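Asker: Please see the structure below; I have some questions.
In my numbering, the protein residues as written are 190 to 365.
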């Protein structure tokens, strides 16, 4: 039996890094942390990789958050930057995005119920407010993700999955 070398969850492609020694790993971490120092965000927070698998141990390098305050509630977009071990060799870079209203996490953009609760408004008004919140959250997350993936490209080799066989074996090609 074979398996895929990389476990990629959210990133647009597999951002693969060749790691030969502990020094290479520490060097990669230091480079990424340095590149992320000037990343514009409202706060940094602690996070864990909810997609970690036993065969692909992972570590959250940094977690960044942006918050917007509305009249009755606040909305946050939080992105965790993850380094995940390869199954056979190397590692890959990934990210995970979480949205929250008043600190209550939601993985999707279904904000209406939370807005109805925290803003103490009708369901119809909550849907109306949720449309604005969703637009802000999506655009903010996309800007952050584009910037994070640009940093990933500097320190990795972007790969696309060309084929995945029934036994798990995977063939990659360089992404353009």
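The C-beta atom is built at its ideal place from N, Cα and C for all residues, glycine as well.
For clarity, every value in this text was computed on a predicted model and none was experimentally measured.
#1: Let me check understanding here. Comparing Cα to Cα, which of 300, 359, 206 lies closest to residue 317?
#2: Counting pairs of beta carbons, one from the segment 350 to 359 and one from the segment 256 to 264, are three or more of them closer than 8 Å?
#3: Can you give me the start and stop residues for the alpha helix (DSSP H) that residue 248 sits inside?
#4: Decide yes or no for the touch test of the segment 235 to 255 against the segment 274 to 293: beta carbon pairs closer than 8 Å, at least 3 of them.
#5: Who are the Cβ neighbours of residue 208 in its own chain at under 6 Å, not counting the five residues just before and after it?
#6: Excluding the 5 residues flanking residue 190 on each side, which residues of the same chain have their C-beta closer than 7 Å to its C-beta?
#7: Taking residue 326 as the reference, give the member of 354, 276, 268 with the closest Cα.
Answerer: Straight from the coordinates:
#1: Selected option, being the one with the closest Cα: 300.
#2: Flag = no, the segment 350 to 359 and the segment 256 to 264 do not touch.
#3: Premise fails: residue 248 lies in the beta strand (DSSP E), 247 to 258, not in any alpha helix (DSSP H).
#4: Judged by Cβ distances under 8 Å, the segment 235 to 255 makes contact with the segment 274 to 293, as three or more pairs qualify.
#5: So the qualifying residues of the chain are 214, 279, 280.
#6: Below a pLDDT of 50, predicted positions are generally treated as unreliable, and residue 190, at 47, falls in that range; the measurement from the model is reported next regardless. Correct list, in chain order: 356, 357.
#7: The shortest CA-to-CA distance from residue 326 to any of 354, 276, 268 is the one to 268.
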